Amino acid sequence: MNLTWIIVLNENVRLITSACPDPSVITPYGCTDLIMMFVLNQNVRIITCECPDPSVILPYGCTGCQYNYIECYGDNDFDLAEMFKKLSQTLEPEQKHFHRFKFSNTNVTEIKANTFMDIVFSQIEISYTNLVHIHPDAFMYTYNTTDTLYIKNNPQLEPDTIYDVMSRFTNATFIEDYHNAKFTMMPANAFSNSKQSKLKRLHIWSSETTIGSHAINRLYSLRDIMFGAPVNHIMANAFTIDRPSNDSLDINLNYCWLNETSFEPGSLTGINRPTAIYMGNQHTNIVYLS
Ligand SMILES: *[C@@H]1O[C@H](CO)[C@@H](O)[C@H](O)[C@H]1NC(C)=O
Ligand SMILES: *[C@@H]1O[C@H](CO)[C@@H](O)[C@H](O)[C@H]1NC(C)=O
Ligand SMILES: *[C@@H]1O[C@H](CO)[C@@H](O)[C@H](O)[C@H]1NC(C)=O
Ligand SMILES: *[C@@H]1O[C@H](CO)[C@@H](O)[C@H](O)[C@H]1NC(C)=O
Ligand SMILES: *[C@@H]1O[C@H](CO)[C@@H](O)[C@H](O)[C@H]1NC(C)=O
């Protein structure tokens, strides 16, 4: 089985041919033919990937092709770790870096430790699932590779491990937590992994009402942090970042539920960089800050 890539970039034409994973590994999980076209900066890139026989990942409700993406939809229960173990055993080392992993299956409730083995992704999106638990060691190899992480619309997902998981993505530049009903607090020291030094944009937009102390203190490159409703309590040193910078930080608190008692004394100290705080459109009127 051959995988043919046709890449037209900067007026050069390159043909790259490599092997697809053994279909007996991915078709049971749902690998299909894939044709993608991108138009980027006026360069046209056409990638054609033919994954021959969909029989490893289809029965599990997943589609995909190496170098590119794996998406899991559907409502059937399956062992995600088992699928990735088979992929790991089948793929060549250079085939183990996918562009994207999207998980939107509505039956699976857990992502277990080391599920993805040595398979890595540039982007991960976990959205519209009924997941209850994500093990803190779920993403071992991809923790230092993934650039963008979305965790969105997972109404059953328990928050107990989630900030640990998010803070272990040391190569991430953008993380979005959006509409996960059970995330009610951004805990103290939420992002305290000093190796997570590339994170520029962070969106905390679930049901968090409280921002804990030192929540972002090791996010030295942070330029933009955005909160959604219903934040109403900001603890002392919530925005402290313990390494000074001349790069500015935007703290967006628009559309929250702030009032004059929401800010603990010292909640805006120690930010250590030029900072703009946006507090428009509150659900309550702020008369003064105590
Ligand atoms: C979950 O998957 C199992 C087995 O695939 C199935 O029997 C069950 O009905 C599914 N549940 C839901 C809520 O879809
Ligand atoms: C990424 O993490 C894996 C597993 O923890 C490790 O083997 C690898 O050396 C790390 N790579 C980099 C570039 O740090
Ligand atoms: C980290 O992400 C960047 C893109 O932001 C990527 O170019 C780089 O290869 C990634 N690092 C690793 C070790 O995968
Ligand atoms: C910020 O800029 C000033 C003036 O250029 C410089 O003296 C200072 O060292 C810079 N601070 C940091 C943390 O880069
Ligand atoms: C301010 O908000 C807090 C938390 O929502 C609430 O308990 C308190 O009553 C509010 N205070 C005023 C003056 O509205």
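Taken in order, the sequence shown gives residues -18 to -1, 1 to 272; the numbers are from mature numbering (1 follows the signal peptide of the UniProt record, and there is no 0).
Where a beta carbon is used, it is the ideal one built from N, C-alpha and C, also for glycine.
Bear in mind that the values here come from a model prediction, so they are computed numbers and not experimental data.
Check, Outcome
"Beta-carbon proximity check, Asn136 vs Ile157, cutoff 9 Å", "no"
"Ser244 beta carbon less than 9 Å from that of Ala218", "no"
"Pocket of ligand 3 defined by Cβ to heavy atom distance under 5 Å", "Thr127, Asp129 and Asn153"
"Beta carbon nearer than 7 Å to a non-hydrogen atom of ligand 4", "Pro226, Ser227 and Asn228"
"Chain-order list of residues whose beta-carbon lies under 6 Å from that of Gly262 (same chain, five-residue window excluded)", "Asn236"
"Unbroken stretches of the alpha helix (DSSP H), 4 residues or longer, contained in the stretch 150 to 208", "none"
"Contact belief for Pro141 with Phe103 at Cβ below 8 Å, rounded distance in angstroms", "The Cβ separation is near 23 Å, so there is no contact."
"Min CB distance Asn236 to chain C below 9 Å", "Reference to chain C is not applicable here, since this structure consists of a single protein chain."
"Buried or exposed by the 16-neighbour rule on C-beta atoms within 10 Å, applied to Ile259", "exposed"
"Host beta strand (DSSP E) of Lys78 (start-end)", "Looking at the DSSP string, Lys78 is not in any beta strand (DSSP E), and its letter there is neither H nor E."
"Residue from Ile186, Arg255, Cys54 and Thr191 whose Cα sits closest to the Cα of Asn214", "Thr191"
"Ala170 to Phe80 span [Cα, whole Å]", "34 Å"
"For review: beta carbons within less than 6 Å of any heavy atom in ligand 1", "Asp57, Asn58, Asp59 and Asn89"
"Where Glu64 sits in the DSSP three-state scheme", "helix"
"From Leu73, Pro75, Gln77 and Ser86, residue whose alpha carbon lies closest to that of Leu62", "Ser86"
"Three-state secondary structure assigned by DSSP to Gln71", "helix"
"Cα-Cα separation between Glu242 and Arg200, rounded to whole angstroms", "28 Å"
"Given Lys180 as reference, the closest of Phe121, Thr127 and Glu76 once Cα atoms are compared", "Thr127"
"Residues near Ser203 by beta carbon distance below 7 Å, same chain, minus five either side", "Ser179, Lys180, Leu181 and Lys182"
"Endpoints, the beta strand (DSSP E) within which Ser230 is located", "That residue, Ser230, is in no beta strand (DSSP E); it is neither H nor E in DSSP."
"Tyr55, DSSP secondary structure in three states", "coil"
"Residues near Pro256 by beta carbon distance below 6 Å, same chain, minus five either side", "Ser230"
"Residues proximal to ligand 5 by C-beta, any heavy atom closer than 7 Å", "Asn214, His215, Trp239, Asn241, Glu242, Thr243, Ser244 and Thr266"
"Sequence-distant residues of the same chain with beta carbon closer than 7 Å to Asp146, five excluded per side", "Pro118"
"9 Å Cβ cutoff met for Tyr160 and Gly210", "yes"
"Expected contact under 8 Å - CB spacing of Phe98 and Tyr123 to nearest Å", "7 Å"
"Simplified DSSP assignment, three categories, for Thr97", "coil"
"Whole-angstrom distance between Phe121 and Ile223, CA atom to CA atom", "26 Å"
"Sheet register partners of Ala258 (DSSP bridge)", "Asp232"
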